[in-house]
Structure formats: structure tokens, C-alpha cells
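The numbering of the sequence shown is our numbering, which starts it at 717 and goes up by one.
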Amino acid sequence: MTPRPPVRAPRHDDRRRTYPALGARSERAGTWWGDAWVEALEELALDPARLARGRAYAAAGNVDAITVTPGRITAYVHGSRPRPYRTELRLRTLPDQAWEDFLDTAAAAPAHIAALLDKDLPHVLADEAALLPASGDLIPDCSCPDDGYPCKHAAALCYQTARLLDEDPFVLLLMRGRGEQEVLAALTRRNATRMAVERVAPAPQLPTVQARTAVQSRTLPALPPPFPTPPRPGHPPAFPEVHGGPDPLSLDLLATEAAIRAHTLLSTGEDPIAPLSTWQDAVRLAAAHPGSGLTSATRALYTSLTRATDRTPTDLARAVAAWRQGGIAALAVLETPWDPPAGPFDRARPALTAAGFPDFRPSRNRLATPTTQLRYGRDGLWYGYESDPAREDWWPRGTPDADPVGALTALLG
């Protein structure tokens, strides 16, 4: 028994497309080519009232699925009777030479191909092949008894076709005779041919140098001496305030910081900012800014820095007070308790008692009363802190000192 040949899947017909009914819609999102299609219909019409009825039919969703083939658009349109009418629009297809001109123009510019793939139709392509219908190009036909030209059913089909064109200009190419895949394949072939021609084009003549000359040893002139390091950092220019632009205060602050950092690097060979963490650098920037946080500019700076470091304005203000008290060492005293050797405390408590302050109690690196603290830093200095009674809200105060009595005196004024 002869085996039966395998059943092949039906081949996709690129020159026949059926689009589902678009449904009711009050307005269409017009494209320039969709508008040109509607203008061709309205120039054809002999009765504006039928156009208005057709527009109402289209808006109400009376047009069923639309089938597009080269030169023909067909759909069933519901009217006043139960049975819909078979309606069609005929449009002449383009000759082969017009298609060749269209494809050559599209392949000559990558932007044209990109526009088509993005469902856009450049004017130059539509004009090259006269894709859009001119007056008299559309020929309507309908099974209804209305002898209008066009009847309201044909007008409704034309308005719904404009919605299809708005969504996909390849519908217009199909009406004129070529399917989407057919057009894209032709453009791909032309693009590949053009690239192949460009690859085999002769290379331009460039000036040459003999190898013997290129490797010949020669004495180069000495480099000029480096510019001397300026005695101090320069001042940044004034930054005007522009609506929608960056904050002038922030620009001035960053420019000043960059100038100081560059000057230090030139003078010492070391970057003073490199060892700092993001938080430490934010505290340093805020501490270098004049003011106490009460001005709008300072509040804006604090807001930006706290948002960038995921801290609160109170955290930043307390850290700024520590930095102004003693720099990065004072910030470490604020944020990092530690256990120092016993010697400094053995000397500090008798000294405080002799000076009339006998109530300080030790805890890790701290000597404290309910409202006053002395914190011992890893740098060997004592740092003063104050808090309101029973609040445990400690803030750096005074000047660090190697003598706890001196630090307490600076704290108490």
C-alpha cells in the first residue's frame, strides 16, 4: 500500500488579510495618511447627509470584519434591516515600476525602513508611489438598494478602513497590491545588496610612511616644566539660578569642594576625601556649610544629604556638631563606643573630684552625670556632651582636651 503523503499546513496568504470588527468608537486617532484616505472619500461623496449616516454607522460598530486584498476592501455592514449588506471599496493596484520606485526609495534610507517597522508612513514614500487615493480613485459598491454615491454603508466601511490605516500603514500597501511580508522581504534583499556593494568598495587612499622611517630612533624635545601649584584654591564662578535647573548653592558648594580637593592633591599628593565613607563625606559637606540649619538653603542641603544617606535630619545635625567639635575623630567618638584601658579613667576621676566634680560615673569610654558626659576618644582626647535631664539625647559641646577637667571647663563655659 502506497503511504499517504504528509498533510501540509496551509500556506499563509500575505495578500489576503481579514481584520476583526473594530467595534464602536466615537473618534479615531488620526494619522496623516488616515486623514488623506477620509478626504478622498469625502471628495467623492455627492450627498453629505449619507456621509454623516455612514460616520454614525462606523462609530456605532455596524461594520463587521474587514477583508483586504489587492485592489479590494470587503465587509458586511449592518443597516436598518436585520440582514447586513455586502459592501466593498475598489482601488486600483500599482504597476510594477511604481513598486520598484517605492522599494528603491525606502531602501535608500534606513530611517524609512525603521519608520515602516514602527508602523509609520513617511511622506516621501507615500508620494513616491502615489499610495494614497486621489479624487475618483475609490469606487464603492454595496448590495443595498440605496443608489447614493457612496451609500451610507460604503461610507461606514471607508471610515472604519481609516481606523485600520491609522493602526497599520501596511494595510494601504496591501490595498495597492503588495503584502507586508512581501514588501519587507524585498527591502531586506535590497539592503543586503547595498551593504555587499559597500563592503567591496575600494578602500580610500591614505598617506603612508615607510617602516624604516617609522622605527628610526630620534630625539624628542624635552617636555615643558609643570605649572607651579597655586598658593590657594581658586574660587568657582557664580552660578545663576535658572528655572528647572540645578540649585546654585549646591553647584557652588560642589565646585568649591572640588577646587579644594584638587589643590590638596597637587600640593601633597594625597586625596583628603578618598578615605571617607559616603556618610562621613556627607557630614563633612554639611559641616563646611555656614549656618545652623535655619536658612532655606541649609535646610535644602540637609534634605538632599539625608535622602542620599538614608539618615534623618536630626542624625545629620548631631553628626555635624561632632565634626565641628573635632573632625572625623569626634564623629567616631559620637558613633562608636569602645573599651579603653583603665589608666585614663584612673587618672581622670580623681582629677575631676579634686576640681569639684565628684559625681561622674564610668561606662565603657564615658564618664557621665545625668546631664553631662565626657567621652574618651581613641586619639587620647576627652570630648564633652550635654543632654536635658532624663532624656538621653546627647549632643557634642565644647572643645576636646587631653585633660578631662579642661574638656569639662570648655563644656560648661
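All C-beta atoms, glycine included, are put in the ideal place defined by N, C-alpha and C. This structure is a prediction, so every number in the text was calculated from the model and none was measured.
For residue i, the residue or residues it bridges with in DSSP
i	result
Cys858	Thr803
Asp1117	Trp1098
Ala791	Thr803
Leu1090	Leu1083 and Gly1100
Thr734	Thr783
Pro1112	Tyr1101
Cutoff 8 Å: residue i Cβ touching any chain D Cβ
i	result
Glu973	The chain inventory of the structure shown lacks chain D, comprising one protein chain alone.
N-terminal and C-terminal residue of the alpha helix (DSSP H) that residue i is part of
i	result
Tyr865	Run containing Tyr865: none; DSSP gives neither H nor E here.
Pro1078	Where Pro1078 is concerned, there is no enclosing alpha helix (DSSP H), although the beta strand (DSSP E) it sits in stretches over Arg1077 to Ser1079.
Arg808	Segment: none, Arg808 is in no alpha helix (DSSP H) and carries neither H nor E.
Arg797	Element bounds for Arg797: n/a, residue is neither H nor E.
Ala974	Pro964 to Thr984
Arg1065	Ala1058 to Ala1070
Asp751	Trp748 to Leu760
Ile829	Pro826 to Leu833
Gly1042	Pro1029 to Glu1051
Pro673	One cannot answer for residue 673 here, as it falls past the ends of the chain, which runs 717 to 1129.
Phe886	Phe886 to Met891
Buried versus exposed call for residue i [16 or more other C-beta atoms within 10 Å across all chains shown]
i	result
Leu936	exposed
Trp753	buried
Asp1026	exposed
Met891	buried
Thr1088	buried
Asp882	buried
Tyr875	buried
Arg910	exposed
Pro1066	exposed
Arg724	Low confidence applies here, because Arg724 scores a pLDDT of 39, under 50, leaving its location unreliable; read the following figure in that light. With fewer than 16 Cβ atoms within 10 Å of its Cβ, Arg724 is classed as exposed.
Pro946	exposed
Gln897	exposed
Ala954	exposed
Gly1042	buried
Trp749	buried
Arg928	exposed
Val784	buried
Val899	buried
Pro849	buried
Gly895	buried
Gly1059	exposed
Leu1001	buried
Thr994	exposed
Arg1091	buried
For residue j and residue i, believed in contact at Cβ under 8 Å, the rounded distance
i	j	result
Ala871	Gly770	2 Å
Trp1054	Arg1080	7 Å
Val1036	Tyr1099	Actually they are not in contact, since the Cβ atoms of Val1036 and Tyr1099 sit about 15 Å apart, beyond 8 Å.
Ala1106	Asp1117	Not really, about 27 Å apart at Cβ, beyond 8 Å.
Start and end residues, beta strand (DSSP E) containing residue i
i	result
Ile782	Ile782 to Thr785
Is the region 977-984 touching the region 952-965, taking contact as three or more C-beta pairs under 8 Å?
Contact between the region 977-984 and the region 952-965 is absent, because fewer than three Cβ pairs lie under 8 Å.
Taking 8 Å as the threshold, find out whether the region 761-776 comes into contact with the region 815-824 through three or more Cβ pairs. With a cut-off of 8 Å on Cβ pairs, the region 761-776 is not in contact with the region 815-824, counting fewer than three such pairs.
**Q.** Sufficient close CB pairs (3 or more, under 8 Å) joining the region 775-793 to the region 829-836
**A.** No, they do not touch.
Can you confirm whether the region 989-1006 touches the region 1068-1078 when touching is taken to mean that 3 or more C-beta pairs between the two stretches lie within less than 8 Å?
Proximity of the region 1068-1078 to the region 989-1006 falls short of the contact definition, fewer than three beta-carbon pairs being nearer than 8 Å.
Exercise. Any chance the region 731-745 sits against the region 840-859, with 3 or more Cβ pairs inside 8 Å?
Worked result: Output reads no: the region 840-859 does not touch the region 731-745.
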